[in-house]
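Line by line, the protein sequences are chains A and B. Numbering-wise (the working numbering), the first sequence opens with residue 1 and increments by one. Numbering-wise (the working numbering), the second sequence opens with residue 1001 and increments by one. We treat Cβ as the ideally placed atom computed from N, Cα and C, and that holds for glycine. In what follows, a single structure is set out as structure tokens and then discussed.
2 protein chains.
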Amino acid sequence: MSDPVRTRAPRSDAAKNRTALLDAARIELNRDPDASLDTIAAAAGLSRRSVYGHFPSRDALIAELAALGAARVAAAVDAIHDADPVLDLALVGRLVWDDVEHVRAMTWSVVRGPLREQVLSGALGPLHERIVADVEAAARNGTGRTDLPPQVVARLVEGAAFAVLDESVRSPLGRAEGRRLVVLAGLGALGLSWREAQDVLARHAARLVEEAAR
Amino acid sequence: MSDPVRTRAPRSDAAKNRTALLDAARIELNRDPDASLDTIAAAAGLSRRSVYGHFPSRDALIAELAALGAARVAAAVDAIHDADPVLDLALVGRLVWDDVEHVRAMTWSVVRGPLREQVLSGALGPLHERIVADVEAAARNGTGRTDLPPQVVARLVEGAAFAVLDESVRSPLGRAEGRRLVVLAGLGALGLSWREAQDVLARHAARLVEEAAR
DNA sequence: TTCAAGTTGCACGCACGTGTGCAAGTTAAG
DNA sequence: CTTAACTTGCACACGTGCGTGCAACTTGAA
């Protein structure tokens, strides 16, 4: 009854502006999680008014941004697996870190905001399951802790990652340092002693801290 | 030139209302960290207007609340010491937990808000130093990790506590469970294996998880 | 060149929240 | 009881942000 029927293909710059908005949102929301639409639009070289040509609301913009980011992480993690649960967990840690360190501030407000459930049970759901599975396997394995339910241990592991994220705000870490720290903190939460964790790190330095993951 | 000179002692209910406001603020801000003055005043049985008779601004109210809480924690922690750094750290964890678990939501927004620096370097500064000292002693001791700077380890320990705080929101923990979890997570960040951590817990259950701390 | 797709600026209305002034009320101290 | 201390409700100014309608403009597709 509405939709004035497209008589012509959409203009090419429209798509460009849309992604420009998403990019700008990523940057600005990272600078200030409460950045206004005005700020974001300006950073994208658009006016606040025209944002509504691309997204029905501010929330929709942010939701899409979060979904994109979550999907990116999920894809990266999904591409790598290892039979050893401890190493697998460490790999997951490294990969997530690589995708997330750029977006520290945003990450906090998304994971701790109204989008929380939506994102966590959405694209990031499988990631959590993967961690739980690793924790379970490591427990059966004899390497991981068996004194707590896997679900809880998984939360502690995730929490350890956030602790590193937080630390990286206070004293900026290099990429390599960040990776090491995430892995160490995660394995610590899993129940390894610091020597064991360091051992894993040393034995698989290539895949855990060097540039190209394989 | 101002201050219409007190010709009489302040009314007794004034002080009462002031603390009622602080109490209400604690409760409401814990329910919703962005609770409005109106909400808080109502919960205290006062009108928004009269809040300004006790505090110059909303921020002042919150700042005082945060300061009070921080001081409480600091006092509790300061009353207990142990020569063994590992046990000392565990004790600190237990005590902080006892004081903070009621105030989960508020704790987040205070520690992650504009008050952050003010509180952390204020009443809670000594707490951080204490943790750093324990971490260092444990390292010299041979029980704690030596692969990371004590400052960093201390942050990880604190981060582990926050992870537990977070977990306790998802699946409510009993007091005892909370205490155990904080201690375990903290010792894990310190570098102990989960068996060693459990060992500490078992050996000092009386002081670490039972009701009256000594 | 034509014309729709897209952008812009401005003006609204709306919802929230803070902080203040003031007159009228209530309550405890003396 | 008298009076100062305290509370209340209302009104206001102020600021910030969102979402929308509309007319005028620019730009790219055909």
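For Glu211/A, does the count of other Cβ atoms within 10 angstroms reach 16, so buried, or fall short, so exposed?
Counting Cβ neighbours within 10 Å, Glu211/A comes out exposed, since fewer than 16 surround it.
Buried or exposed (CB count within 10 angstroms, at least 16 for buried), Arg1214/B:
Residue confidence for Arg1214/B is low, a pLDDT of 48 falling below 50, so the modelled location carries little weight; the figure read from the coordinates is stated next. By the neighbour-count criterion, in which a residue is buried when 16 or more other Cβ atoms sit within 10 angstroms of its Cβ, Arg1214/B is exposed.
Grab me the residues of Leu29/A's own chain with a C-beta within less than 6 Å of its C-beta, minus the 5 sequence neighbours each way, in chain order.
Correct list, in chain order: Ala35, Met106.
Is Leu1115/B close to chain A? Criterion is C-beta to C-beta, closer than 8 Å.
It does not; no Cβ of chain A falls within 8 Å.
With a threshold of 16 other CB atoms inside 10 Å of the CB of Val209/A, please say whether the residue is buried or exposed.
Here Val209/A is buried, its C-beta having at least 16 other C-beta atoms within 10 Å.
Cβ distance (whole Å) where Val92/A is taken to contact Arg130/A below 8 Å:
Yes, they are in contact, since the Cβ atoms of Val92/A and Arg130/A sit about 6 Å apart, within 8 Å.
Leaving out five residues on either side along the sequence, give the residues of the same chain with a beta carbon under 7 Å from the beta carbon of Asp1088/B.
The residues are His1081, Asp1082, Asp1134.
CB Leu1068/B to CB Ala1025/B, shorter than 8 Å?
Cβ atoms of Leu1068/B and Ala1025/B: not closer than 8 Å.
Give the secondary structure of Glu117/A by DSSP, where H, G and I count as helix, E and B as strand, and everything else as coil.
Taken through DSSP and simplified to helix, strand or coil, Glu117/A comes out as helix.
Note down, in chain order, each residue of its chain lying with its Cβ closer than 8 Å to the Cβ of Ala1197/B, except the 5 sequence neighbours on either side.
Result list for Ala1197/B: Val1183, Leu1184, Leu1187, Gly1188, in chain order.
Cut-off 6 Å between Cβ atoms - residues of its own chain near Glu136/A, not counting five sequence neighbours on either side:
Taken in chain order, the residues that qualify are Pro150.
Which chain A residues sit within Cβ distance under 8 Å of Gly1159/B?
Under the 8 Å cutoff, chain A gives Gly159, Ala160, Phe162, Ala163, Val164, Asp166, Glu167, Ala185.
Contact under 8 Å by Cβ, Gly159/A with Phe1162/B:
For the 8 Å CB-CB criterion, Gly159/A and Phe1162/B form a contact.
Backbone secondary structure at Val152/A - three-state DSSP
Helix.
By the criterion of Cβ-Cβ separation under 8 Å, what are the contact partners of Val1193/B in chain A?
Checking the displayed sequence, the identity of residue 1193/B turns out to be Ser instead of Val. Within 8 Å of the CB of Ser1193/B, the CB atoms of chain A belong to Gly191, Leu192, Ser193, Glu196, in sequence order along the chain.
Starting from the Cα of Leu22/A, find the closest Cα among Ser171/A, Arg58/A, Ala76/A, Ser168/A and give me that residue.
The residue from Ser171/A, Arg58/A, Ala76/A, Ser168/A with its alpha-carbon nearest to that of Leu22/A is Arg58/A.
Using only the alpha-carbon positions, how far apart do Val96/A and Val1169/B sit?
Each residue's CA atom was taken as its position, placing Val96/A and Val1169/B some 24 Å apart.
Check whether chain B comes within 8 Å of Asp103/A, counting only Cβ atoms and requiring the distance to be less than that.
A small correction: the amino acid at residue 103/A is Val; Asp does not occupy that position in the sequence shown. Output row for Val103/A: interface = no.
Is DSSP giving Thr19/A helix, strand or coil here?
If DSSP states are grouped into helix, strand and coil, Thr19/A belongs with the helices.
Just to confirm my understanding: we take Gly45/A, look at its own chain, exclude 5 residues before and 5 after, and list those with CB closer than 7 Å. What are they?
Only Ala20 meet the Cβ criterion.
Is there a Cβ from chain A that is less than 8 Å from the Cβ of Leu1156/B?
Yes, Leu1156/B counts as interfacial toward chain A.
Compare the C-alpha of Pro1085/B against each of Gly1191/B, Arg1195/B, Ala1206/B and name the closest.
Nearest to Pro1085/B by C-alpha distance, out of Gly1191/B, Arg1195/B, Ala1206/B, is Gly1191/B.
Once you ignore the five residues that flank Met1/A on each side, which residues in its own chain have a CB closer than 6 Å to its CB?
Its pLDDT being 44, under 50, Met1/A is placed unreliably by the model, and nothing is read from it.
Through-space distance from Arg1116/B to Asp147/A, alpha-carbon basis:
Their backbone Cα atoms lie some 34 Å apart in a straight line.
At the level of alpha carbons, what is the spacing between Val1111/B and Arg1155/B?
Going by the C-alpha atoms only, they are around 13 Å apart.
Here's the rule: buried if 16 or more other CB atoms are within 10 angstroms of the residue's CB, otherwise exposed. What is Gly144/A?
Answer is buried; the Cβ neighbour count reaches 16.
From Ala123/A to Ala74/A, what does the alpha carbon distance come to, in whole angstroms?
Across the structure, Ala123/A and Ala74/A are spaced so that their CA atoms are roughly 6 Å apart.
List the residues of chain B whose Cβ lies closer than 9 Å to the Cβ of Arg145/A, in chain order.
Result: Leu1184, Gly1188, Ser1193, Trp1194, Arg1195, Ala1197, Gln1198.
Less than 8 Å between the C-beta atoms of Leu127/A and Val77/A, yes or no?
The Cβ atoms of Leu127/A and Val77/A lie closer than 8 Å to each other.
Determine, using beta carbons only, whether Val110/A comes closer than 8 Å to chain B.
By this cut-off, Val110/A is not an interface position.
With 8 Å as the threshold, decide whether the Cβ of Arg214/A is near any Cβ in chain B.
For Arg214/A, the predicted model reports a pLDDT of 48, less than 50, meaning its position is unreliable; a value from the coordinates is still stated below. Not an interface residue.
Whole angstroms is fine: what's the gap from Val51/A's alpha carbon to Lys16/A's?
Rounded to whole angstroms, Val51/A to Lys16/A spans 13 Å at the Cα level.
What three-state label does DSSP hand Arg1214/B in the structure shown?
Here the model assigns Arg1214/B a pLDDT of 48, short of 50, so the residue's position is not dependable and the matter cannot be decided.
Between the alpha carbons of Arg203/A and Ser193/A, how many angstroms are there, rounded?
If you take the alpha carbons of Arg203/A and Ser193/A, they lie about 15 Å apart.
DSSP state of Ser171/A, grouped into three classes?
Of the three classes helix, strand and coil, the one that applies to Ser171/A here is coil, per DSSP.
Using a C-beta cutoff of 8 Å, does Val1215/B count as contacting chain A?
The structure shown does not extend to residue 1215/B, since chain B is modelled only from 1001 to 1214, so the question has no answer here.
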